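*Asks:* Numbering (the numbering used here), first residue to last: 17 to 204.
Ideal Cβ placement from N, Cα and C applies to all residues, glycine included.
Here the structure is a predicted model, which means the values were calculated and not measured.
1) Can you tell me which of the three DSSP states residue 147 falls into?
2) Does DSSP put residue 170 in a helix, in a strand, or in coil?
3) Residue 60: buried (16+ other C-beta within 10 angstroms of its C-beta) or exposed?
4) When the Cα atoms are used, what is the spatial distance from residue 44 to residue 38?
5) For residue 24, write down the residues that DSSP places opposite it in a beta bridge.
6) Need the endpoints of the beta strand (DSSP E) that residue 50 sits in, please.
7) Give me the DSSP bridge partner(s) of residue 109.
8) Enumerated in chain order, which unbroken segments of the beta strand (DSSP E) with a length of 3 residues or greater are wholly contained in the segment 27 to 107?
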């Protein structure tokens, strides 16, 4: 059974860049390493519905914190078998976002701390009801909000498919999410 590592951080924090480098290094050392990114856009109906909602579709879905959190949780729940197989077949599996992301963004949207009700609800939903594997290690790439926002903006300009969504365009939400991520990191 492989080790499960989740890398968390704001949009534009550099998660994908770091993960790609670490996985290449692990493979060069002879370890079996794989990665999986959440949300699984273009592979999961739940992730795609959430993305569409964040770009203005599906009525008031994006306004519902619990509704959006559920969409992202259902994406991960649908990947549970794939994730289990990756863990069985590899020494290390590194995730680009996982449950802490759902907890941090949801808490930030509700102006709650890491001790808020929504963080508990997300954890119970994903680890309890959906029985997702708990990561052995969680890493937070804690970059300044302004740096992450600029990277996300530039990425969106270079790739139309990665245009900024409602969460990414909301600087206050990104700042609050960073605060909740730091609280979660200090606590756990």
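*Replies:* Inspection of the coordinates gives the following:
1) The residue labelled residue 147 in the question sits at position 131 within the chain shown. Coil, per DSSP.
2) For the purposes of this step, residue 170 is taken as the residue at position 154 of the chain shown. Correct three-state label for residue 170: helix.
3) In the chain shown, residue 60 corresponds to position 44, counting from 1. Buried is the call here.
4) In the chain shown, the residue the question calls residue 44 occupies position 28. In the chain shown, the residue the question calls residue 38 occupies position 22. Each residue's alpha carbon lies about 10 Å from the other.
5) In the chain shown, residue 24 corresponds to position 8, counting from 1. 156, per the DSSP bridge assignment.
6) Here residue 50 corresponds to residue number 34 of the chain shown, with the count starting at 1. Start and end: 49 to 53.
7) Here residue 109 refers to the residue found at position 93 when the chain shown is read from its first residue. DSSP lists 20, 50 as partners of residue 109.
8) 49 to 53
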